[in-house]
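See structure below.
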Amino acid sequence: MTQLHSIHGIGNQELSDRGKELGNYSGYIPLSELTRGEFRLHLLYKELNAVEKMYPELREVTRRAKSLIDNAIWKGLHNGGHTVVSSGNFSDPILQTVAKNIQAVKNLRLPVQSNFFSRPVYKHIGDPIIPDSNCTPPPFSQAPGDFETPGQWFNYWHTVINPSCLPQKAFEATANKYLEPASANMLYEFLTEVVTPNAAPNVVAVKYVMQQAGANAINDIGKMWKRSDFHEWLRLGVKLSNAKEGVGLRTPKESIMTLIDNRDKPGIGNPAFILAMVKILIAAIPAITGMIIAIKASNRGNDAAAERIYGLQQQGFGSKNYSADTKDWQGSDITIPDTNTPSLTSNVPLLIGAGLAAYMIATQK
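Numbering of the sequence shown is given in the working numbering, commencing with residue 2 and proceeding in unit increments.
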């Protein structure tokens, strides 16, 4: 998925002040109602929201960009019902990026959560979906027995008649609440964007294996069809965590490179970035713990993937011992390659007065 991130040309204090504008993580993603393509555009929409709040200079263009996504999703991303957009129609790099993303995901028609629903190709997110008959209770009007509210009938269906579907639906709420602030706890999910695990220090390689195992288990608990979708949600979570701590929408790759730069000269490279990383990594620990507690409450031990995450937690997943740390790279002689990750368009300058240096397109996954 092509994404946006800022190249920081403004002062640390101003970045910090702008990061506070984000407030709490917001923008609920209705996993159980989305195709993979719609999900990817939801992630981009959330990032555009962050850009709009942090960079009021870009408000006009971000709102135009969001309108392109709205048009595509609500008129039918997969059926051509929306106005076809081409990146060649725009001179602004942000609008070009959004247009390219819409074209890139229009054929990702499978549900983001496997087997949870189906939607004929001619339907769109604004139309009623066709739920999995095994996971959707009949309408309240058809409910047997004496239920005073639809909520009572819904709870009875999922807890008594068919409890096996409740964890998957519950994962949607759990992930929306915890995943983004917890993402930095799985920062080494993105290690291979910087260096191969075999070339990293042993402590980093061990953490990489543990974090990958935890991320795999959480993905499987949510029954997300493609692991790459979960990967991109984690990427957004790291970027939003960075932004909230006042260092801009820095990517996971940039976060890891910050840790490497700090290996032998703590705080010398950029004290603001290091301090922010420490805060982000510490804050991610209670977030991932809360997520696992919520998973336990909704799964009741009936899911093999949930059992895996419980076991991994007992081994240390989510703890400080297995989280990325500013000391992980001390003494290593890793040379960071001077290359950019693959992108549709990269290093596109977008000068906005003296305040914002540039915008660029980052990675395609």
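Quick reminder that beta carbons are idealized off the backbone N, C-alpha and C, glycines included.
I'd like to confirm the pairing. Which residues does DSSP put opposite residue i in its beta bridges?
{"i": "Gln114", "result": "Met225"}
{"i": "Thr36", "result": "Pro112"}
Comparing alpha-carbon positions, which option in the options lies nearest residue i?
{"i": "Asn102", "options": "Arg60, Val207, Glu53 and Glu39", "result": "Glu39"}
{"i": "Ala200", "options": "Ala305, Ser333 and Thr175", "result": "Ser333"}
{"i": "Lys176", "options": "Gln153, Gly291, Gly312 and Leu59", "result": "Before going further, note that residue 176 is Ala rather than Lys in the sequence given. Closest option to Ala176, Cα to Cα, is Gly291."}
{"i": "Ala185", "options": "Asn90, Leu237 and Ser229", "result": "Leu237"}
{"i": "Lys245", "options": "Ile30, Tyr46, Arg37 and Lys54", "result": "Lys54"}
{"i": "Arg37", "options": "His79, Ile222, Leu188 and Val62", "result": "His79"}
{"i": "Lys227", "options": "Arg264, Lys240 and Ser115", "result": "Ser115"}
{"i": "Ser324", "options": "Val204, Glu181, Gly152 and Asn108", "result": "Val204"}
{"i": "Gln331", "options": "Arg309, Ala285, Ser320 and Thr259", "result": "Thr259"}
{"i": "Phe172", "options": "Ile294, Ala214, Asp326 and Ala144", "result": "Ile294"}
{"i": "Val113", "options": "Thr197, Val195 and His43", "result": "His43"}
{"i": "Lys178", "options": "Ile30, Asp329 and Thr336", "result": "Ile30"}
{"i": "Thr63", "options": "Trp75, Pro253, Thr98 and Ala214", "result": "Thr98"}
{"i": "Arg60", "options": "Ala105, Leu96, Pro139 and Asn300", "result": "Leu96"}
{"i": "Asn300", "options": "Lys47, Ala66, Asp221 and Ser229", "result": "Asp221"}
{"i": "Phe191", "options": "Lys170, Gln213 and Leu180", "result": "Gln213"}
{"i": "Lys170", "options": "Phe141, Gly223 and Trp154", "result": "Gly223"}
{"i": "Ala284", "options": "Ala273, Met225 and Glu181", "result": "Glu181"}
{"i": "Ala73", "options": "Phe91, Tyr46, Ser92 and Pro272", "result": "Tyr46"}
{"i": "Ser92", "options": "Leu111, Arg65 and Ile70", "result": "Arg65"}
{"i": "Gly77", "options": "Leu49, Glu48 and Leu35", "result": "Leu35"}
{"i": "Ile275", "options": "Trp75, Lys328 and Ala174", "result": "Lys328"}
For residue i, count neighbouring C-beta atoms within 10 Å of its own C-beta (all shown protein chains included) and say buried if the count is 16 or more, exposed if not.
{"i": "Ile261", "result": "buried"}
{"i": "Arg19", "result": "buried"}
{"i": "Ser242", "result": "buried"}
{"i": "Asn322", "result": "exposed"}
{"i": "Asn108", "result": "exposed"}
{"i": "Tyr360", "result": "Residue confidence is low: Tyr360 scores 30 on pLDDT, short of 50, so the model does not pin down where it sits. Its coordinate-derived value is still stated next. When all chains shown are included, Tyr360 counts as buried."}
{"i": "Ser68", "result": "exposed"}
{"i": "Ala216", "result": "buried"}
{"i": "Ala305", "result": "exposed"}
{"i": "Thr193", "result": "exposed"}
{"i": "Gln315", "result": "exposed"}
{"i": "Ser33", "result": "buried"}
{"i": "Pro145", "result": "exposed"}
{"i": "Glu58", "result": "exposed"}
{"i": "Ala298", "result": "exposed"}
{"i": "Gly319", "result": "buried"}
{"i": "Glu202", "result": "It should be noted that the sequence gives Pro, not Glu, for residue 202. Buried: at least 16 other Cβ atoms inside 10 Å."}
{"i": "Pro94", "result": "buried"}
{"i": "Asp147", "result": "exposed"}
{"i": "Phe141", "result": "exposed"}
{"i": "Asn375", "result": "No information on residue 375 is available, as it lies outside the stretch 2 to 366 that the chain covers here."}
{"i": "Asp230", "result": "buried"}
{"i": "Asp71", "result": "exposed"}
{"i": "Gly247", "result": "buried"}
Assuming residue i and residue j make a contact with CB atoms under 8 Å, what is their CB distance in whole Å?
{"i": "Gly317", "j": "Met211", "result": "7 Å"}
{"i": "Leu250", "j": "Ala51", "result": "6 Å"}
{"i": "Val196", "j": "Ile335", "result": "6 Å"}
{"i": "Ser256", "j": "Val239", "result": "6 Å"}
{"i": "Pro253", "j": "Leu188", "result": "6 Å"}
{"i": "Ile367", "j": "Ile310", "result": "No answer is possible for residue 367: the residues shown for the chain start at 2 and end at 366."}
{"i": "Ile289", "j": "Ala183", "result": "4 Å"}
Could I get the ranges of all uninterrupted alpha helix (DSSP H) runs contained in the region 297-331, with 4 residues as the minimum, in chain order?
Listed in chain order, the complete alpha helix (DSSP H) runs (minimum 4 residues) inside the region 297-331 are 305-316.
Give the list of continuous alpha helix (DSSP H) stretches no shorter than 4 residues that lie fully inside the region 50-94.
Every unbroken stretch of the alpha helix (DSSP H) spanning 4 or more residues and falling wholly within the region 50-94 is given here in chain order: 60-77.
What ranges does the alpha helix (DSSP H) occupy inside the region 193-238, keeping only unbroken runs of at least 4 residues that lie completely in it?
Taking only runs of at least 4 residues, the alpha helix (DSSP H) segments lying wholly in the region 193-238 are 203-222.
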